[in-house]
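This note's numbering applies: residue 156 is where the sequence shown begins, and numbers increase by one.
As structure tokens, the structure follows; a few thoughts come after it.
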Amino acid sequence: MIGQRKDDHVRLAVEQQRDHSGRNQFDEVSFVHHALAGIDRPDVSTATTFAGISWQVPLYINAMTGGSARTGVINRDLAVAARETGVPLASGSMSAYFKDPSCADTFSVLRTENPDGFVLANVNATASVEQARRAVDLLRADALQIHINTVQETVMPEGDRSFSSWVPQIEKIAAGVEVPVIVKEVGFGMSRETVLTLRDLGVRAADLGGRGGTNFAAIENGRREFADYAYLRGWGLSTPASLLDTQDAGIPVLASGGVRDPLDVARALALGARAVGASGGFLRTLMDSGVPGLIEQISTWLDHLAALQTMLGARTPTELTHCDLLIHGELRAFCADRGIDTRPFARRSRSAEALHELTGSTR
Ligand code: FNR
């Protein structure tokens with residue numbers, strides 16, 4: 156039963172958040188501290204634009220759930236938190252709605268509770284164009300996410316085993332819906348090769364959905380009688396590795412997967428993400444502290460992000476890409492093997508300064 160699977164995912168994802176050690180590859184990215192780089196808070200904006208989309212904040216609640224009574228309540232709570240904080244919000248996979256339209260309200264609550272917010276519908280890469288349109292219509296969605304999850308499907312007992320149709324189907328959906336299409340991973344990351352393919356398919360943006368947070372190999376193993384795919388636990392590219400691998404890949408990228416705090420948001424933006432999503436951590440807060448707790452957390456993150464931009468001298472999220480970054484450890488080794496020179500990241504502010512001087516901009 157699909158509803159049971161949705162409930163299992165929530166339960167196992169929250170347990171995973173509680174057990175998580177806290178470390179991930181975002182710890183291998185640090186800002187070079189410049190003690191006099193700071194600017195004035197009123198000069199800072201957190202607004203971002205990409206793929207014809209404009210958001211007041213570069214943070215969103217990423218895809219999670221819907222399809223059962225219990226997950227309908229979660230979606231209602233997420234929608235209230237999104238409405239109160241102004242963050243965009245993505246639906247979980249809407250396959251359950253295609254199979255059983257009677258669960259429609261467990262998804263449409265995202266819109267009814269959040270009438271003026273930015274809402275993303277979510278389908279898998281085997282959805283027909285007609286289904287993708289129905290998903291967008293049900294939520295009056297502003298954009299559509301297509302999730303790609305070969306690792307999850309492989310470990311999932313009832314998972315898909317045929318992936319070759321995904322590429323042509325993504326192209327058909329991207330051409331067949333009215334709203335921008337964003338393709339997202341679910342926690343295993345995206346390589347440069349993947350994003351270049353998406354670009355050629357007419358996809359407007361890629362949500363890299365990297366390793367470091369919610370781990371669907373572990374969650375699906377937890378649903379198996381024997382956890383016999385346990386060896387896939389460490390599979391995938393981390394979110395920072397995906398960001399480094401996909402620099403200038405031709406379409407805007409969003410970052411999600413293992414984003415733990417406002418510093419990770421700033422790190423991801425500094426590595427080129429146009430916006431940053433979180434799922435499991437927000438779900439845990441909702442479960443532990445209810446809607447008021449989640450509103451408090453998101454508000455704090457947005458406040459801290461503006462404070463970090465002020466300290467770093469970045470008037471906009473894009474200006475964070477001029478901040479100097481150090482890449483350490485295994486992430487640095489990854490870059491070396493993939494032919495990514497990490498040194499320019501450590502002295503980007505100099506070329507940004509030179510550009511400002513050339514253009515006569517005051518800063
Ligand atoms: C997810 N995620 C997800 N993604 C998607 O595109 N469709 C979906 O239906 C779901 N379902 C889902 C359920 C639950 C309970 C969680 C926690 C997550 C994946 C999610 O959008 C995100 O890519 C990953 O969770 C990685 O981000 P975090 O959790 O590390 O912030």
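Ideal placement from N, C-alpha and C gives every residue a C-beta, glycine not left out.
Could you compute how far the alpha carbon of residue i sits from the alpha carbon of residue j?
i	j	result
L392	L399	10 angstroms
T369	V228	21 angstroms
D416	P395	14 angstroms
L294	T240	19 angstroms
I450	T497	37 angstroms
E508	G494	26 angstroms
A382	N277	28 angstroms
D315	V291	23 angstroms
I303	S250	13 angstroms
D162	P197	43 angstroms
L441	S454	14 angstroms
R359	A206	6 angstroms
P323	V284	12 angstroms
G222	R378	18 angstroms
D174	D443	14 angstroms
W210	E308	32 angstroms
T203	D271	18 angstroms
S248	E512	48 angstroms
I301	D458	30 angstroms
R195	G448	One detail in the question is off: residue 195 reads as Asp in this sequence, not Arg. Roughly 29 angstroms separates the two Cα atoms.
Y252	L467	45 angstroms
Count the other CB atoms, across all protein chains shown, that sit within 10 Å of the CB of residue i; report buried if there are 16 or more and exposed otherwise.
i	result
A404	buried
T220	buried
E340	buried
L362	According to the sequence shown, residue 362 is Asp rather than Leu. Looking at its Cβ environment, which holds 16 or more other Cβ atoms inside 10 Å, D362 is buried.
I208	buried
R518	Because R518 sits at a pLDDT of 42, beneath the cut-off of 50, its placement in the model cannot be relied upon, and the following sentence gives the value as read from the coordinates. Exposed, since its Cβ has fewer than 16 Cβ neighbours within 10 Å.
F273	buried
M345	buried
S397	buried
L167	buried
G193	exposed
S176	exposed
A385	exposed
A491	exposed
A296	buried
Is residue j closer than 8 angstroms to residue i when the C-beta atoms are compared?
i	j	result
T465	V199	yes
R288	V332	yes
F181	G367	yes
A245	A218	yes
L356	E326	yes
D479	S506	no
V212	T226	no
G435	Q159	no
L418	L486	no
L438	V264	no
L409	G432	yes
N269	A237	yes
I216	L233	yes
L424	P472	yes
N230	T267	no
R422	V184	yes
State the CB to CB distance for the pair residue i and residue j, rounded to an integer number of angstroms; the pair is presumed to be in contact (CB under 8 angstroms).
i	j	result
L460	A469	10 angstroms between Cβ atoms; not a contact.
A501	V187	6 angstroms
L214	V242	5 angstroms
V446	V169	So it is not a contact: roughly 16 angstroms between Cβ atoms.
G364	S411	5 angstroms
Please list, in chain order, all residues of the same chain as residue i whose beta carbon is under 6 angstroms from its beta carbon, the five residues on each side excluded.
i	result
R354	G405, I406
N179	G367, G413
V350	A361, T401, A404
H477	R503, S504, A507
Using a Cβ-Cβ cut-off of 7 angstroms (strictly less than) and excluding sequence neighbours within five positions of residue i, which residues of its own chain qualify?
i	result
M311	E375
L387	V306, V310, A372
S320	T281
F318	T305
L481	S185, V187, A501
With a threshold of 8 angstroms on Cβ separation, who are the neighbours of residue i within its own chain once the five nearest residues in sequence on each side are excluded?
i	result
W390	V306, F343, R366, A372
L299	L275, A276, N277, V278, A287, A290, V291, I328, V332, V334, P335, V336, I337
P256	none
K254	I157
T352	V322
W456	L214, D416, P417, V420
E313	R160
Examine chain D for any beta-carbon lying closer than 8 angstroms to the beta-carbon of residue i, and answer yes or no.
i	result
K254	Here there is only one protein chain, and chain D is not present.
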